[in-house]
Every structure is written in C-alpha cells, then in structure tokens.
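Input: a single structure, listed below in structure tokens.
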Amino acid sequence: MTTTVFTKGIAAGRLAADALTENFGDLHPPLEAHEALVAADRCYFCHDAPCMTACPTSIDVPLFIRQIATGTPEAAAKTILEANILGGMCARVCPTETLCEEVCVREVAEGKPVEIGRLQRYATDTVMAADVHPFERAAPTGKTVAVVGAGPAGLSAAHRLAMKGHDVTIFDARPKAGGLNEYGIASYKAPDRFAQAEVDWLLKIGGITVEHGKKLGAEIALDTLKAEFDAVFLAIGLAGVNALRLPNTDLEGIRNAVDFIADLRQADDLSSLPVGRNVVVIGGGMTAVDAAVQSKLLGAQNVTMAYRRGADRMSASVYEQELAATKGVHILTHASPSGFVAGDNGAVSAVTFDLTIETENGLESSGETVTVEADQVLLAIGQTLDGAPDGVALERGKIAVDTFGRTSMDGVWAGGDCASGGEDLTVTAVAEGRDAAEDIHAVLMGEG
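Position one of the sequence shown corresponds to residue 1292 (our numbering), numbered consecutively onward.
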C-alpha cells in the first residue's frame, strides 16, 4: 500500500500520475451497445412524455429512445441534435436528476428512472465517432451575423444560423471556443478533450468563422458590429465574479473557484497542478461542488465546502451534494464566512465562520463561530455580468431580453448566462441560442 505524505501549504504532485488518471476518469462510463438496448427497453414511450416537457430544449425523448431500441442510434442522434446541437455535452453535464429523469414515470413509480442522459450520450457519441454531421446548409442568404461569445448559447445560435444559410462570425475573448464547457466544468464530467471535439464537429456545418482574442469593449465594439453585420447575437456569459466583502481576501492562497477550475481544465499534466492540504470552498452551487471534488481528487487531504444556508437551499442538486460527500468532501452548512486568518508566512491559514440560523426576518447569526484550518480557499459565490455594452438595457444585473431573445437595441439579440430569464445551465443556454437564431432568421428574411 502506498502512503501519501501531505505537506503543509499549496503543492503540486500530491498524488502519483496513475492515481490522478484514475481519479479524473469518466464519471459515468458510456453505455455499450447491448447496455443501451437494455436501458432503452425500460422506456414506456409515454404519449404525453413529462421528460420532454422537463427538457429546456424539448428533445423528443421517447422518440430517440425508441430509435435506439430499434437499432438506429444515428437516427436517435439526429432527433436529439435537431433540438440540441450540443446534445453530447449536455448528456454529460445536464442535471438530469432534476430535469428529465426526475419526472420519468419509472422514477415516480419505482424510484429508478430510465437512464435518459446516458442513452443520449450513446446516440450522440455514435454519430460523432462516425464523423457524420446530419445537417446541411441551406442556400446562401447573403446575410451576415456576428455572434459574440463561443460558449453554449453562441455555438448553438451560430450553428442554427449557418444551417439557415447565413454567414456567421463568432468573436471570443479566449484562445479556445466552448465557454464554460471548455473552461468551467469539472474535468471528470467531460474527459478526453470532449468539449473541443464537439466544437470541431459542430463547425463542420460550414459557414462559421471563429475569431479568438476578440473581447467586446476591447478589440471589438458593438457599434462596429452593428454597422458591419446584419444582426448581432450577444452570448458573453458572466465573466465577472462576486466579491466577498471581508478583510484579508488578498491573502496568498485565496482565489476564485472558476479560475481554479479553468486552470485544471487546461492543464496537460495534472501532477503539475498545485492544491492545498486543507482546502475550503465557499459556496453552495455546482461550481463549488466541482472545485471541492476536484481538490480532493488532486490529493487534498481535507476539503470543506461551506454554505451559509441549509443543504436544501443549495443550488447544487442533491445528487451533486451526494457526489461531493462520497468523494470525501465535508459539507458545512449554516456557516457564513466572517474572516480569514493569516499564518506566519503571510498566507491564509484558516477561515472563520459565523454559524447561522434562518428566521422569519431572514438569515441571522446564532452567536457561535467555527474556525476551519485552510491553506487554500476557493471562492464560488457566484458570477456577474462584466462588460455589458452601453445602450443595452439591463434587468437584475443581466441583459434584458424578451421571449425572442431581443434586447432593447434594434438588431441585437442576447442569450445564455448573460441574458435575463432562464437558469444558468448549459442546456438552457443552448435553447436560448437556438430560439434567438430562429428569430434572427425570421427578421433577416422579412418574416419576423
């Protein structure tokens, strides 16, 4: 048996390479062909399918599962991709346990839903492995559209617009396309560089050009895009990070969880990534879970995920909370950070929390505190809109849009996390990009 010696402070190479490879393997192994047939056979193919209603992209779930059951996974993939062009990634990262699978009739009756997410992955993986793109471009319209942001909403809109015959240019600030799919989700949910493989496959529709290193408000301006293109779709995401208004947040060892995850996702060698011995993650959402679990998988000895309210108020699903617990993450609830303790070396050494209670007047301190040792603190307290262009109306801190995705500015649409409305989920962003693209097409063709 190998014993890992943990040193204090943040260090790389806490685990051997083979252990890291095992830790960051596929969270849900793909279904084999026979397994897919058995899983598909459990579906009742409901006429009024609640799973389809629960899907933000309204994938015809009974139809694609029936197509798998009849041995035509390629047809199943087309059914999925017609509604959700990023169906491969969504099959991996969607919280199906709170969407389609939660309302599955077999879940309600037996407590075990049809494995819709894994079946969706089986179908889409089959098409991508065959290097087939089931869609063709329409005749060129002569219209051009600028898409700002190469995340799920931007890619979804670009593909739909290109398929309609428009010429699309995507501008993105980062060196790779994919947005949160590439930079912001846990590595074990989409290993083997799947995000980039899916982007490459999507772009095979043709008619889409991607320009990297182009940030709105810096290298490109909205007024210029409006002048040069027939329509503009904003999918700039939430690049800002909420500030934790406490002293000592600049101590060494304290950083934003989204940056930690991005570094991990882009690392070629996981053994080169530094991680603390005692890690504290502040937050209760999916980003907090991803950061906490991956800290543990990198070799942190003690990982605590702290949230100021109860577990039932966390935005991370029960499944995600249970995943964190099974990986050895300690979840501390009703704990609001009140201060950071500096060690002799000037780096963070502990976090102090006020223990809270929920009253009719809201969240209040119980008068008790707890201190948790920490040499690394990851802040996952939410992201904010950064760089909204002048002249576009905002609503609750996001770009205001109507049901078509139209902003207050003529010729400009928006969708995804940067826009008001839906939940901050990959699948929701895909739906908003797709629907905005349909409206843009109607307007450009004089039908809207």
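Glycine included, every Cβ here is placed at the ideal spot set by N, Cα and C.
Sequence-distant Cβ neighbours of T1719 in its own chain, meaning closer than 7 angstroms and more than five residues away, are P1347, G1713.
The segment 1496-1512 and the segment 1591-1607 do not touch, with fewer than three beta-carbon pairs separated by less than 8 angstroms.
For Y1598, the closest C-alpha among the options L1654, W1704, R1556 is that of L1654.
Distance from the CA of P1353 to the CA of P1538, rounded to the nearest whole angstrom, comes to 54 angstroms. When the Cα atoms are used, T1387 and E1398 turn out to be separated by approximately 12 angstroms.
Between the segment 1716-1735 and the segment 1399-1414, the count of C-beta pairs closer than 8 angstroms stays below three; the two stretches do not touch. In the DSSP annotation of this structure, Q1592 is not part of any alpha helix (DSSP H), being labelled neither H nor E. Less than 9 angstroms divides the Cβ of Q1585 from the Cβ of L1555. At the C-beta level, A1448 and A1728 come within 9 angstroms of one another. Around the beta carbon of Q1557, fewer than 16 other beta carbons sit within 10 angstroms, so the residue counts as exposed.
Annotation for P1364: the continuous alpha helix (DSSP H) segment containing it runs 1364-1374. DSSP places E1729 in the helix class (H, G or I) of the three-state scheme. Under DSSP, Q1674 takes part in a beta bridge, and its partners are V1532. With the rule of 3 Cβ pairs closer than 8 angstroms, the segment 1354-1362 does not count as touching the segment 1673-1688.
With respect to G1696, E1723 sits close: the two C-beta atoms are nearer than 9 angstroms. Cβ-Cβ distances below 7 angstroms link M1700 to G1682, V1683 in the same chain, with the five nearest sequence neighbours on each side left out; the list follows chain order.
Within the DSSP bridge table, the entry for Q1585 names no partner.
Taking the C-beta atoms as reference points, N1472 is found no nearer than 9 angstroms to L1588. In this structure, G1498 and A1638 do not form a Cβ contact; the two beta carbons are roughly 51 angstroms apart against a cut-off of 8 angstroms. Around the beta-carbon of F1336, fewer than 16 other beta-carbon atoms lie within 10 Å, marking it exposed. Annotation for G1300: D1666 place their beta carbon closer than 6 angstroms to its own, counting only its chain and skipping 5 residues before and after.
In the DSSP assignment, P1353 falls within the alpha helix (DSSP H) that extends over 1352-1360.
Within the same chain, Cβ atoms closer than 6 angstroms to the Cβ of A1583 are found at V1572, V1594, M1596, A1615, V1620, the five residues on either side in sequence being excluded.
Counting along the chain, P1628 sits inside no alpha helix (DSSP H); it lies in the beta strand (DSSP E) bounded by residues 1626-1633.
Contact between the segment 1428-1440 and the segment 1476-1483 is not established, with fewer than three Cβ pairs separated by less than 8 angstroms. Remark: three or more beta-carbon pairs, one from each stretch, lie closer than 8 angstroms, so the segment 1408-1424 and the segment 1365-1379 are flagged as touching. As a beta-bridge residue in DSSP terms, E1686 pairs with K1689. Contact between V1436 and V1459 holds, with the beta-carbon distance rounding to 5 angstroms and staying under 8 angstroms. By the CB criterion at 9 angstroms, M1343 and G1379 fall outside the cutoff. Within the DSSP bridge table, the entry for F1644 names P1628, V1661 as partners.
DSSP places R1697 in the strand class (E or B) of the three-state scheme. A1548 and A1308 have their C-alpha atoms some 23 angstroms from each other. In this structure, the CA atom of V1532 is about 36 angstroms from the CA atom of D1351. Counting only the Cα atoms, S1640 lies some 37 angstroms from A1468. E1406 and G1630 have their C-alpha atoms some 44 angstroms from each other.
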